[in-house]
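S.K.:
Residue numbers (our numbering): 41 to 790.
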C-alpha cells in the first residue's frame, strides 16, 4: 500500500506538472479558440495508442509492458525539450505527446494497483492511495507556482524526467503480478475494436465507460470556461503558469483532505453509487452559478470542485468499479475506457465548444447548460453503477468458486436432494454423504436385517410388488403395545398398514423418532401419511414441551409434505429456542423450496427475522451452538465447514440466506469465507455487504472476521458477564462452578 501510495504521488505529480507546462506553452503561442483542434487531435491519436498499450498489457506481463511505456514517455519528453523555446511545432507535439502520456501512465498505474489488492482491501486502501496522488498533485502544483517567476517554463522539463525516473523505480519494487485466471496471453489480435465490443457487451463495463465519457465531456466544458476566464484576466505565460500551478496545488490539497477523511468512509458506509453521485451534484450546482455569475472567481470555484472531486471521490469510486472485473477482461478493456473513451469524450466536448463558442459566437458561460445536462446523466449512471457493481461481484464470486474447484461441491447430491420415502438406509446415500467405505458393509447389514424387500414401501401395492405377499393385519388392540415395544418387524407391520393410521395414533408413532434404530423406518412411514400426520406433527414441533429428541427429527418429515401448513410449521421452527431445532427446520425449508412445494406468503419476512435473530446472538453463544449428534447436514453448505467454533452457526445462517437471496451466490460466499483464498474471501465479504441489509451485515462482520481491532475491543464484554448469560440460555448445560471455570478457560483461549 505504501509503495502504491508513493506511486500515485509521483504519477499525479507528473500529470499536474506536464499539464501546467503544456497549457502554459500552448496558450502563450496560440489563441484559446484553437484548443478544440488540438483536443480533437488527442482524441484521434488515442485510438492507436490505446490499442498498442492494451496489446502490450494483454501479454500476461503488464508490469514489464508498463515499465517500457514509462521509459518511452520519458525519452519522448527529453527529445522535445530542446525545441520548445523556439518552435511552434515542437509545442504542439509536446502537447499531444504529454496528453497521451498522462492517459497511459495513469491508466496503467491504476490497472496494476487494482490487481495487487483483493476487493475488500481495495475498498479500504484506495482512498489512502488516492490521497498519495492528490498529495503529489498539491506538491507539484505549489512547486510550480513558487518557481514560475524564477525559471522559464522549459527549464522545468528536467523535473518532469526526474519524477518519471522515481516513478519507474517505485513500480519496479512492487510485487510481481501472477498470471490472470483463465489465460491472458495475447494472441496478437487484441484491438481497439475488440476492446470496444467487449466493453459495450458487458453491462458493468458499459456503465463505467459511459461514466468516464460523460464526466469527461462535462469536465472539458468546465475546463474551457475556466481557461477562457483566466486567459482574459492574465496576459503572460509565467503568470499563467503560476496561476495554474497554484490552482492545481490548492485543488490537490482539497482533494487530499477529502481522500484522507471522506473517501473510505463514504465508500464503506454509503456505497459506490452515492460516492459517484457527489461530483455530478456539484457540477449541477456549479453550472447554475456560472450561468448566472460568469466571473473568473466562480469559474475557478467550479473547476476547482470538479478537479478536486475527480481526483478523490470520483477516482476512488471509479477505480473500485474495475476491481471485480476478471483480470483477463480488465487488462484488455481498461486502457480503452480510460484512454479512447476518455479522449473521444474530450474530443466530443471540443466539438460542443466549437459549435457553441466558435460557430454560434456565444459566450462560454452558455456551455453551463450542457454541463448541467451531463451532470443529470451522471446521476442516473451513478445509480446504475451500484446495481451493476453488485451483479458483477456475485457473478465473479460464483466464477472464482468454480475455478477454484468448488463447482462439483456446489452440485453434489446430498440429503437435501434425496427422498426419505425411498430408502434412507441406501448404502449409496451413506457413501455419498459421509464418504466412508466402511459404511457400505454396515449399511448393507442393516438393510438385509431390517428391510428384506430393499426398503420401506411407499404404498401397499408397492409392498406386494417388491417382496411378495403382504404381511398379515395386526389386531387393533395390539397396536399401542407394539409401538411401545422394540420389535422392529412388528412395528413395521403397523406402519405399513394404512388402516392402522389415525390422527390420535400419530403422536405415539412420532415418539419412535427418538430411537436411532427406528428413526429411518418411522420417518419414512410418517412421510407417506401427510393427510393424517401433518397437523399432529406441526403441533409437536411448535410445542416447547415436546421431547427434544423428537422435535429435532420432525422437520425432516415435514419437508416431504406439499401443504403450505408444513411450511408454516417449519417457519415457526427456525424461531425455536433450541439451536438444533432451528438448524433442522432450516434444512427442511430449503428442501421444500428445491422440490417446488407451496410456500407461505410471509416466508421471506420470517426468514429475514430468523437471520436477524441468529446474528444478534452473543459471540460465545454463536460459537458454542452444537448438534446432538454428527448426522450430516442436508445440503451442500456443510461440505466446507471448517469444524471450528461457530462453524455450525455460520452454516445455519447462510442456509437461511439462500432462501431470500441468490442461492448460488450465497453458497459461493459461504465457501469463500471458509476458504484460504484471500481474494475469494474478499469477494464474498463484498457480495454480502452489497446484498445484506445494513443491520444484518453490521452484526455478521464480527462472526466472519471482518471487524477492526478497535471495534472488537470496544464491543468486548467481561468473560464473567458472558458466562452468566450463557448459563441462562439453552445453548449450553452449565450448572456447577467447575463447569463455569471450564467455560471460562475455553472462552479465554486465543
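Quick reminder that beta carbons are idealized off the backbone N, C-alpha and C, glycines included.
Predicted model, so just to flag it, every value in this text is computed and none were measured.
Within the same chain, show all residues whose beta-carbon is closer than 8 Å to that of residue 572, passing over the 5 residues directly before and after it, in chain order.
M.R.: Only 541, 542, 543 and 546 meet the Cβ criterion.
S.K.: Just checking, does the segment 586 to 601 make contact with the segment 620 to 639 on the three C-beta pairs under 8 Å criterion?
M.R.: With the cut-off at 8 Å, the segment 586 to 601 and the segment 620 to 639 touch.
S.K.: Once the 5 residues before and after residue 130 are set aside, which same chain residues still bring their CB inside 8 Å of it?
M.R.: Result list for residue 130: 120, 123 and 124, in chain order.
S.K.: Could you check how far apart the C-beta atoms of residue 167 and residue 265 are, in whole angstroms? I think they sit under 8 Å.
M.R.: Residue 167 to residue 265, Cβ: 29 Å. No contact.
S.K.: On the three-state DSSP scale, how would you describe residue 600?
M.R.: Residue state, collapsed to three classes: coil.
S.K.: For the alpha helix (DSSP H) holding residue 389, just list the boundary residues, first then last.
M.R.: Here the alpha helix (DSSP H) through residue 389 covers 382 to 393.
S.K.: Quick check on residue 499: buried or exposed, where buried means 16 or more other Cβ atoms within 10 Å of its Cβ?
M.R.: Its pLDDT being 35, under 50, residue 499 is placed unreliably in this model, and the value from its coordinates should be taken loosely. That one is exposed.
S.K.: Assuming residue 441 and residue 708 make a contact with CB atoms under 8 Å, what is their CB distance in whole Å?
M.R.: Indeed they touch by this definition, with Cβ atoms about 4 Å apart.
S.K.: Around the Cβ of residue 44, are there at least 16 other Cβ atoms within 10 angstroms (buried) or fewer (exposed)?
M.R.: The residue in question, residue 44, is buried, as its Cβ has 16 or more Cβ neighbours within 10 Å.
S.K.: Would you kindly report the start and end of the unbroken alpha helix (DSSP H) that includes residue 328?
M.R.: Residues 312 to 332.
S.K.: Give the DSSP-derived three-state secondary structure of residue 274 in the structure shown.
M.R.: Looking at residue 274 - three-state DSSP - the assignment turns out to be coil, as it is neither helix nor strand.
S.K.: Could you spell out the range, first to last residue, of the alpha helix (DSSP H) harbouring residue 541?
M.R.: No alpha helix (DSSP H) holds residue 541; DSSP gives it neither H nor E.
S.K.: For the putative contact between residue 48 and residue 172, defined by C-beta atoms under 8 Å, what is the C-beta separation to the nearest angstrom?
M.R.: The Cβ separation is near 4 Å, so the contact holds.
S.K.: Leaving out five residues before and five after residue 577 in sequence, what residues of the same chain have Cβ atoms less than 8 Å from its Cβ?
M.R.: Around residue 577: 546, 550, 566, 594, 597, 598 and 609.
S.K.: Contact between the segment 153 to 170 and the segment 80 to 93 is defined here as three or more beta-carbon pairs at a separation below 8 Å; is this criterion met?
M.R.: Taking 8 Å as the limit for Cβ pairs, the verdict is that the segment 80 to 93 does not touch the segment 153 to 170.
S.K.: Going by the CB atoms, is the gap between residue 115 and residue 105 shorter than 8 Å?
M.R.: No.
S.K.: If you reduce the DSSP assignment to three classes, tell me which class residue 572 lands in.
M.R.: In this structure, residue 572 counts as helix in the three-state DSSP scheme.
S.K.: For residue 424 and residue 575, I'd like the C-alpha separation in whole angstroms.
M.R.: So the alpha carbons of these two residues sit roughly 48 Å apart.
S.K.: Could you work out which residue in 738, 739, 627 and 725 is closest to residue 692 when comparing CA atoms only?
M.R.: Minimum Cα distance to residue 692 is reached at 627.
S.K.: What did DSSP end up calling residue 740 once you bin it into helix, strand or coil?
M.R.: Three-state DSSP puts residue 740 in a helix.
S.K.: Is it the case that the Cβ atoms of residue 385 and residue 235 are separated by a distance below 8 Å?
M.R.: Cβ atoms of residue 385 and residue 235: not closer than 8 Å.
S.K.: Please state the DSSP three-state secondary structure of residue 705.
M.R.: Three-state DSSP puts residue 705 in a helix.
S.K.: Alpha carbon to alpha carbon, how far is residue 416 from residue 255?
M.R.: Cα to Cα, the separation comes out at about 11 Å.
S.K.: Using CA coordinates, which residue listed in 694, 717 and 715 is at the minimum distance from residue 728?
M.R.: When only C-alpha atoms are compared, the closest one is 694.
S.K.: Name the two residues that bound the continuous alpha helix (DSSP H) containing residue 614.
M.R.: Unbroken run through residue 614: none, as it is neither H nor E.
S.K.: Secondary structure at residue 298, three-state DSSP: helix, strand or coil?
M.R.: Note: residue 298 maps to helix in three-state DSSP.
S.K.: Report buried or exposed for residue 621, applying the criterion of at least 16 other Cβ atoms within 10 angstroms of its Cβ.
M.R.: So residue 621 counts as buried.
S.K.: According to the neighbour-count rule (16 or more other Cβ atoms, all chains shown, within 10 Å of its Cβ), is residue 568 buried or exposed?
M.R.: It is buried - the Cβ of residue 568 has at least 16 other Cβ atoms within 10 Å.
S.K.: From residue 92 to residue 378, what does the alpha carbon distance come to, in whole angstroms?
M.R.: Whole-angstrom Cα-Cα distance: 14 Å.
S.K.: Would you say residue 148 and residue 174 are within 8 Å of each other, going by their C-beta atoms?
M.R.: No.
S.K.: Could you tell me if residue 155 is buried or exposed, where buried requires 16 or more neighbouring beta carbons within 10 angstroms of its beta carbon?
M.R.: Residue 155 comes out buried.
S.K.: Going by Cα to Cα distance, which pick from 439, 56, 739 and 744 is closest to residue 725?
M.R.: Comparing Cα positions, the closest option is 744.
S.K.: In whole angstroms, give me the CA-to-CA distance for residue 408 and residue 715.
M.R.: About 52 Å.
S.K.: Where does residue 716 sit, in a helix, a strand or coil, going by DSSP?
M.R.: DSSP places residue 716 in coil when its eight states are reduced to three.
S.K.: Could you check which residue in 653, 326, 659 and 605 has the C-alpha nearest to that of residue 642?
M.R.: Among 653, 326, 659 and 605, the Cα nearest to that of residue 642 is on 605.
S.K.: Can you tell me whether DSSP reads residue 128 as helix, strand or coil?
M.R.: It is helical.
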